[in-house]
Amino acid sequence: MPVDVEGYRDYVSARLEPLRRTAYLLCGDWHTADDLVSAALVKLLRHWSRVSVMDNPDAYVRRTLLRVWLDERRRPWRREAAWAEVPDRPLAAGATEGAADRLTILALLAELPPRRRAVLVLRYFCDLSVEETAQELGCTPGTVKSQSARGIEAMRARLAPTPDRVEEVRNDG
Amino acid sequence: MDELYDQLRAAVAQAPPTRIDVDDLILADRRRRQHRAWALSGSGVAVAVIALTSTLVAGPYRDSREPTAHTGPSLCAQLNASAGGSVPPFERYGSAPPFPSEQPAAAVVRLTVALRTALSVNLPRGLTVDSGVPGCPLPQLSYEGTVRRYLYRVPLKLSRGGDHGDLVVSVEPALGAVPACRLMLDSTEDCSTDQLPDGTQMALNTEVDPAAGTSRRSVMVGRPDGTMVGVDLAQRSASVDELLLSMDQLVAIGRWPGLTLYP
Numbered sequence: 040m041p042v043d044v045e046g047y048r049d050y051v052s053a054r055l056e057p058l059r060r061t062a063y064l065l066c067g068d069w070h071t072a073d074d075l076v077s078a079a080l081v082k083l084l085r086h087w088s089r090v091s092v093m094d095n096p097d098a099y100v101r102r103t104l105l106r107v108w109l110d111e112r113r114r115p116w117r118r119e120a121a122w123a124e125v126p127d128r129p130l131a132a133g134a135t136e137g138a139a140d141r142l143t144i145l146a147l148l149a150e151l152p153p154r155r156r157a158v159l160v161l162r163y164f165c166d167l168s169v170e171e172t173a174q175e176l177g178c179t180p181g182t183v184k185s186q187s188a189r190g191i192e193a194m195r196a197r198l199a200p201t202p203d204r205v206e207e208v209r210n211d212g
Numbered sequence: 007m008d009e010l011y012d013q014l015r016a017a018v019a020q021a022p023p024t025r026i027d028v029d030d031l032i033l034a035d036r037r038r039r040q041h042r043a044w045a046l047s048g049s050g051v052a053v054a055v056i057a058l059t060s061t062l063v064a065g066p067y068r069d070s071r072e073p074t075a076h077t078g079p080s081l082c083a084q085l086n087a088s089a090g091g092s093v094p095p096f097e098r099y100g101s102a103p104p105f106p107s108e109q110p111a112a113a114v115v116r117l118t119v120a121l122r123t124a125l126s127v128n129l130p131r132g133l134t135v136d137s138g139v140p141g142c143p144l145p146q147l148s149y150e151g152t153v154r155r156y157l158y159r160v161p162l163k164l165s166r167g168g169d170h171g172d173l174v175v176s177v178e179p180a181l182g183a184v185p186a187c188r189l190m191l192d193s194t195e196d197c198s199t200d201q202l203p204d205g206t207q208m209a210l211n212t213e214v215d216p217a218a219g220t221s222r223r224s225v226m227v228g229r230p231d232g233t234m235v236g237v238d239l240a241q242r243s244a245s246v247d248e249l250l251l252s253m254d255q256l257v258a259i260g261r262w263p264g265l266t267l268y269p
């Protein structure tokens, strides 16, 4: 059965950047993100004749991407090393503030267990509902809710100002 | 949590250019499908050859009570295209370069017929050609597809008087231009390239190394239709004049009309 290559090319052109960004939030590295997306797109191409007629091909691609990422993480040479230093406090405002925030959020995401990280990315970056997230991760909505709550709680705790910081502010005042 | 929503978007706002090339992915997948199709075809041919060989060697089953006249089996494969026509096993993708759509079993038959004709027309009189296969002197190409190559090839033994040589003819898809001449390191090699008005590209090479006792003359013909034909003659201890085939004869074989993968 001939593959509708043009349709595939159009679809990938439209979805490539969102997929790369999703992959980046999952793995924290643009090169790895490209590798993950490439692997997912190859799998998509193999099944494109079937996926292209689905109601929601995006869900299939996202599921594939998640599986590729989880599989990659299981490989010994891909085992994730913890970030060397997670900033304990927000850096001083300035030109690097945006970069610092970006690194902070990525570092915090990297500290989370993989599936909890996936829940946050799907819920708050891909804008999926609890039910859709549960479907993509193959778990129950209750699990998504609990994982989401724990993930947010962990990140909020790390983002909250430390007592030292509070003390400094008081002294200044 | 709007804060997280915003921060995730900010974290990916400055994405570097991607390394992903969709066309490369498509091409790689096309190759994978072709290799799989070739592997399946090759397996089918191998099974058929084994079955045919077993039948020829052991002979068909006969009732021992039936009177028969024994006829010696021929080990030469029959040159009959398989029935049922050829179903293209390979998928074609848009603007990607064409790959042969002919089944290897059918292509072997067609190319072998063309090669035998080319040899009978272009080889000089008095030159003996042998396939090297006992009981089957006629040349016959075989499909030698691997994961890296799609290739039809035949090695032949040439002889005239006391001179002997090995001739190898190969037919494969051209994956690029004919190879350019390498930098000459010594005077034993004479290499040139040529382009004909019809678009045919040729790399001509003659190498005589008295020290090593090897002589070689070869031509790679890149046909305009995308077929690459190689004709390679090797002899031991022969001067340029003693080589069994001239360059013109090699070129004539390489440019023979039937030796194409895209009939």
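Chains as they are written, first to last, in the numbering used here: chain A, 40 to 212; chain B, 7 to 269.
Just so it is clear, CB atoms sit at the ideal spot from N, CA and C, and this is done for glycine as well.
Taking 9 Å as the threshold (beta carbon to beta carbon), is alanine 17(B) in contact with chain A?
yes
CA-CA distance, glycine 168(B) and glycine 132(B)?
12 Å
Under 7 Å, CB to CB, which of the residues in the region 74 to 98 of chain A have a partner in chain B?
Val76, Ser77, Leu80, Val81, Leu84, Arg85
Output yes if chain B places a C-beta closer than 9 Å to the C-beta of glutamate 56(A); else output no.
yes
Is there a C-beta anywhere in chain A that falls below 9 Å from the one on proline 106(B)?
no
Return the residue from the list Ala112(B), Ile259(B), Pro22(B), Gly171(B) that minimises the CA-CA distance to aspartate 136(B).
Gly171(B)
Beta-carbon within less than 6 Å of methionine 234(B)'s beta-carbon, same chain only, minus the 5 sequence neighbours each way: which residues are those?
Glu178, Ala180, Gly228
Count the other CB atoms within 10 Å of the CB of aspartate 30(B); is the residue buried (16 or more) or exposed (fewer)?
exposed
When the cut-off is 9 Å and only beta carbons count, does threonine 24(B) lie next to chain A?
yes
From Leu129(B), Met253(B), Arg25(B), Trp262(B), residue whose alpha carbon lies closest to that of aspartate 196(B):
Met253(B)
Which one of Leu55(A), Leu159(A), Arg54(A), Glu175(A) has the shortest CA to CA distance from threonine 103(A)?
Glu175(A)
Buried or exposed: which applies to asparagine 95(A), given that a residue is buried once 16 or more other Cβ atoms fall within 10 Å of its Cβ?
exposed
Going by DSSP, what residues sit across from leucine 241(B) in a beta bridge?
First, the amino acid is wrong: residue 241(B) is glutamine here, not leucine. Answer is Gly171(B), Ser221(B), bridged to glutamine 241(B).
Going along the chain, which residues of its own chain have a beta-carbon closer than 7 Å to the beta-carbon of glutamate 248(B), five neighbours each way excluded?
Asp169
Interface residues of chain B around valine 100(A) at Cβ under 7 Å?
Chain B residues near valine 100(A): none, gap ~13 Å exceeds 7 Å.
Return yes when the Cβ of leucine 75(A) is within less than 9 Å of the Cβ of arginine 156(A), no when it is not.
no
How is threonine 172(A) classed by DSSP in three states: helix, strand or coil?
helix
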